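Trainee:
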Amino acid sequence: MAKRLFPLSKVYGLLEPGPVVMVTTAWEGKSNIMTMSWHTMMEFEPPIVGCVISNRNYSFEILKSTKECVINIPTLELAGKAVACGNTSGRRVDKFEAFGLTPEPASTVSAPLIAECYANLECRVTDARLVARYNFFILEVLKAWIEPSIKDPRTIHHRGKGAFMVAGETIKLRSKMK
Ligand SMILES: Cc1cc2nc3c(=O)[nH]c(=O)nc-3n(C[C@H](O)[C@H](O)[C@H](O)COP(=O)(O)O)c2cc1C
Numbered sequence: 000m001a002k003r004l005f006p007l008s009k010v011y012g013l014l015e016p017g018p019v020v021m022v023t024t025a026w027e028g029k030s031n032i033m034t035m036s037w038h039t040m041m042e043f044e045p046p047i048v049g050c051v052i053s054n055r056n057y058s059f060e061i062l063k064s065t066k067e068c069v070i071n072i073p074t075l076e077l078a079g080k081a082v083a084c085g086n087t088s089g090r091r092v093d094k095f096e097a098f099g100l101t102p103e104p105a106s107t108v109s110a111p112l113i114a115e116c117y118a119n120l121e122c123r124v125t126d127a128r129l130v131a132r133y134n135f136f137i138l139e140v141l142k143a144w145i146e147p148s149i150k151d152p153r154t155i156h157h158r159g160k161g162a163f164m165v166a167g168e169t170i171k172l173r174s175k176m177k
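Next comes the structure, spelled out in structure tokens:
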């Protein structure tokens, strides 16, 4: 294989870990949605998730003060709405209203679930020590919801610059991991 140099600015697109998700937060009775792909699993159980939320985003302010959010996982059908939520700010737009998404009450946090997403993870910030330096929030998943009829979710995975890879096929191999 004749490899060529790859720009450092594009490396994240090779390592982009899990699916694009939509993070909901709530503040003074109003809810917001932010699209996010910079997240990583850190522990199996209780599930711990690390994520980068830029301090330029409205969601950063809300998450920093309320310490609660929901990670909602969309499938391909919601890709357009996920990108729209990632290109507008909740400072100016009610994204539930603008993009026709349905908020549903969560059971442990004040942020709502997005009904149209196939999975929803209710989270609380468990460690904020890396927020000031890296905008890195460490979340504990308190409760998780899943749509049982979807066996092979067609999640979307950001490859950078508006390109997405679509998942959907599950293969099973022996593994020592859970
Ligand atoms: C596919 C995609 C992935 C994104 N991933 C992140 C991310 O991981 N972290 C982040 O801070 N912003 C990310 N963004 C940008 C935010 O979603 C965007 O700044 C949004 O407008 C913030 O909304 P808010 O101001 O209402 O919080 C992403 C946007 C898109 C379209």
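In numbering that gives the first Met the number 0, the protein residues as written are 0 to 177. Positions of the beta carbon are idealized from the N, C-alpha and C atoms, including for glycine. These figures come from a predicted structure and were not determined experimentally.
Extract the residue ranges of the beta strand (DSSP E) inside the stretch 89-142, only unbroken runs of 3 or more that lie entirely within it.
Mentor: Segments of the beta strand (DSSP E) lying fully in the stretch 89-142: 118-126.
Trainee: So, Val19 versus Ile155, is the Cβ gap smaller than 8 Å?
Mentor: For this step, residue 19 is matched to residue 20 along the sequence shown. For this step, residue 155 is matched to residue 156 along the sequence shown. Yes, Cβ-Cβ distance for Val19 and Ile155 is below 8 Å.
Trainee: Short check: CB of Glu121 to CB of Thr101, under 8 Å?
Mentor: Counting from one through the sequence shown, the residue named residue 121 turns up at place 122. Counting from one through the sequence shown, the residue named residue 101 turns up at place 102. Contact flag unset, no.
Trainee: Tell me where the beta strand (DSSP E) around Phe163 begins and ends.
Mentor: By one-based count along the sequence shown, residue 163 stands at place 164. Note, Phe163: beta strand (DSSP E), 162-165.
Trainee: Sorted by chain position, which residues of the same chain lie with C-beta nearer than 8 Å to Arg90's C-beta, five sequence neighbours on each side aside?
Mentor: Taking the sequence shown and counting its residues from 1, one reaches residue 90 at position 91. Cβ within range, chain order: Tyr57.
Trainee: Where does the unbroken alpha helix (DSSP H) through Ala78 begin, and where does it stop?
Mentor: Residue 78 sits at position 79 when you count from the first residue of the sequence shown. Segment 78-84, the alpha helix (DSSP H) holding Ala78.
Trainee: From Cys68, Thr24, Pro152, pick the residue whose C-alpha is nearest to that of Thr169; which is it?
Mentor: Here residue 169 is taken as the residue at index 170 of the sequence shown, counted from 1. Looking at the Cα atoms, Pro152 is the closest of the given residues.
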